[in-house]
Amino acid sequence: MNRSTLTIEALGPAIGARVGGVSLADGVDDGQRDALLAALLKHHVLFFEGQPIGPQAQRALAARFGDLHIHPVYPQAPGVPEIIVLDTSHDNPPDNDNWHTDVTFLAAPAMGAILSAQLLPPGGGDTLWASGIAAWEALSKPWRTMLAGLNAEHDFLKSFPAHRFARTPEEKVRWEKARSDHPPRLHPVVRTHPVSGRQGLFVNEGFTTRIVELSAGESDAVLRQLFAHGARPEFTVRWRWKLGDVAFWDNRLTQHYATADYLPARRVMHRATIVGDVPFYRPD
Ligand code: OGA
Ligand code: MN
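Every position in the sequence shown, counted from 1, becomes a number in the working numbering once 863 is added.
Quick look at the structure:
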């Protein structure tokens, strides 16, 4: 069992921490789970180095933090449907080289996700995370006043278009069901974190299509500004993966970006996605 104390080293003021003193593949006890959740609230993404973990152990680890989501489109690990396999190479280029928050097309998007590096290219393939809380706090007061209480539409089709995800007859069957199961959803543009109570920006280029209270032209202009603002380096951390590294992020007020600079080499990542709750905005 894990008996050593957790060590947590911040990687910057806004986001990111390196965590040691826990062996993820052995499972986490209640005390470790609470300590990890507290660290997640403070740092938004946690990195664990050199902890190779198989699909079953990764599922068991993630399940300690909540129910797991089964993705409607992405490939699954054999016999472990809760684990998404992101296996990218020349023949299957990555689709996550954009700033996004996972599964915001759901009425209740993920609370968090755990990603493990299974096979890495010789160079490149870093992942970046950005804090929606830091982004929100850096906006001017007039912008914050305007945005508070607005709602945005999040659309599955923006990141999962048919031309990319319904290419074979088998894919088409799965994709058609995914599409009809996931109509566009509205979420607050400014979200209150359900645990910390902090406010953060909750729009992402991957899924957000429009702010419904604004005209089309206003919405386009505001979203363009918010997408650019949310990705400012001040709000980000960049992780250079080593084999066996694991990242655990709070998906409620963060975005991430997988750099696609390693093709034609191959890169394989496994993701477990922890179910979250319905986003809300509660004024300060
Ligand atoms: C994800 C994702 C990033 C990466 O798993 O949700 O976007 O670096 N992955 O593979
Ligand atoms: Mn993602």
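Don't be surprised by glycine CBs; every beta carbon is placed ideally from N, CA and C.
task: Entirely within the region 958 to 1043 and at least 3 residues each: give me those beta strand (DSSP E) ranges in chain order.
output: 975 to 982, 990 to 994 and 1014 to 1017
- request: Verify the contact flag: Asn959, CB atom, against every heavy atom of the ligand MN, threshold strictly below 7 Å.
  value: To locate residue 959, count along the sequence shown from 1; it is residue 96. At least one heavy atom of the ligand MN is nearer than 7 Å to the Cβ of Asn959, so yes.
query: Relative to the alpha-carbon of Asp897, which residue among Phe928, Gly917, Gly883 and Trp1104 has its alpha-carbon at the smallest distance?
result: If you number the sequence shown from 1, residue 897 lands on position 34. For Asp897, the nearest C-alpha among the options comes from Phe928.
- prompt: Is there contact here, the region 905 to 923 with the region 885 to 894, by at least three beta-carbon pairs under 8 Å?
  reply: yes
- prompt: So with Cβ pairs under 8 Å, would you call Val948 a contact of chain B?
  reply: Judged by its chain identifiers, the structure shown contains no chain B, having just a single protein chain.
message: Taking contact to mean 3 or more Cβ pairs, one atom from each stretch, closer than 8 Å, check whether the region 963 to 975 and the region 1063 to 1074 are in contact.
response: yes
query: For the candidate residues Ala1135, Arg1095 and Gly883, whose alpha-carbon lies nearest to that of Gln895?
result: Residue mapping note: residue 895 aligns to position 32 of the sequence shown, counting from 1. When only C-alpha atoms are compared, the closest one is Gly883.
message: Less than 8 Å between the beta carbons of Leu991 and Tyr1120, yes or no?
response: As a position in the sequence shown, residue 991 is number 128, starting the count at 1. As a position in the sequence shown, residue 1120 is number 257, starting the count at 1. Their beta carbons are under 8 Å apart, which means Leu991 touches Tyr1120 by this criterion.
query: Rounded to the nearest angstrom, how far is the Cβ of Ser994 from that of Thr1117, given a contact under 8 Å?
result: Within the sequence shown, numbered from 1, the residue matching residue 994 stands at position 131. Within the sequence shown, numbered from 1, the residue matching residue 1117 stands at position 254. Contact holds; Cβ gap of about 6 Å.
- prompt: Measuring from the CB of Ala1121, is there a heavy atom of the ligand OGA at a distance below 7 Å?
  reply: As a working mapping, residue 1121 is identified with position 258 in the sequence shown. Yes, the Cβ of Ala1121 comes within 7 Å of a heavy atom of the ligand OGA.
Opposing strand residues paired with Gln1062 [DSSP bridges]: For the purposes of this step, residue 1062 is identified with residue 199 of the sequence shown, where counting begins at 1. Bridge partners of Gln1062: Thr1055.
query: Tell me which same chain residues have a C-beta within less than 6 Å of the C-beta of Ile996, skipping the five on either side of it?
result: The count along the sequence shown starts at 1 and reaches residue 996 at position 133. If we look at Ile996 and ignore the five residues flanking it on each side, its Cβ neighbours are Arg1061, Gly1063 and Leu1116.
message: Below 8 Å on the Cβ atoms is my contact criterion, and I expect His963 with Ser1022 to pass it. Report the Cβ-Cβ distance as a whole number of Å.
response: In the sequence shown, the residue the question calls residue 963 occupies position 100. In the sequence shown, the residue the question calls residue 1022 occupies position 159. With 8 Å as the limit, His963 and Ser1022 qualify as a contact, their Cβ atoms being about 7 Å apart.
Same chain, Cβ closer than 7 Å to Ala976, neighbours up to 5 away in sequence not counted: Numbered from its first residue, the sequence shown carries residue 976 at position 113. Hits under 7 Å: Asp965, Trp1112, Asn1114, Arg1134, Ala1135, Thr1136 and Ile1137.
- request: Decide if Glu912 is buried, meaning its Cβ has at least 16 other Cβ atoms within 10 Å, or exposed.
  value: By 1-based counting over the sequence shown, the position of residue 912 is 49. Counting Cβ neighbours within 10 Å, Glu912 comes out exposed, since fewer than 16 surround it.
task: May I ask you to report which of helix, strand or coil DSSP gives Gly894?
output: Indexing the sequence shown from 1 puts residue 894 at position 31. It is helical.
message: Are the CB atoms of Pro1142 and His1050 within a distance shorter than 8 Å?
response: Along the sequence shown, read from residue 1 onward, the residue named residue 1050 stands at position 187. Along the sequence shown, read from residue 1 onward, the residue named residue 1142 stands at position 279. Yes, they are a contact pair.
- prompt: Which residue's Cα is closest to the Cα of Asp1018: Val1109, Leu1077 and His1045?
  reply: Numbered from 1 along the sequence shown, position 155 holds the residue referred to as residue 1018. Among Val1109, Leu1077 and His1045, the Cα nearest to that of Asp1018 belongs to His1045.
query: In chain order, what residues of the same chain have a beta carbon less than 8 Å from the beta carbon of Glu1034, not counting five sequence neighbours either side?
result: By one-based count along the sequence shown, residue 1034 stands at place 171. Correct list, in chain order: Phe1028.
- prompt: Does the distance from the CB of Phe806 to the CB of Ala877 come in under 8 Å?
  reply: Residue 806 cannot be examined here, being either before or after the span of the chain that is shown, 864 to 1147.
query: Comparing the CB of Asp1113 with every heavy atom of the ligand MN, is any distance shorter than 7 Å?
result: As a working note, residue 1113 is residue 250 in the sequence shown. No, the beta carbon of Asp1113 sits no closer than 7 Å to any heavy atom of the ligand MN.
- prompt: Cβ of Thr990 versus every heavy atom of the ligand OGA: is any distance shorter than 7 Å?
  reply: The residue given as residue 990 occupies position 127 in the sequence shown. Checking every heavy atom of the ligand OGA against the Cβ of Thr990, one is found closer than 7 Å.
field: Ala877, DSSP secondary structure in three states
entry: Here residue 877 corresponds to residue number 14 of the sequence shown, with the count starting at 1. DSSP places Ala877 in coil when its eight states are reduced to three.
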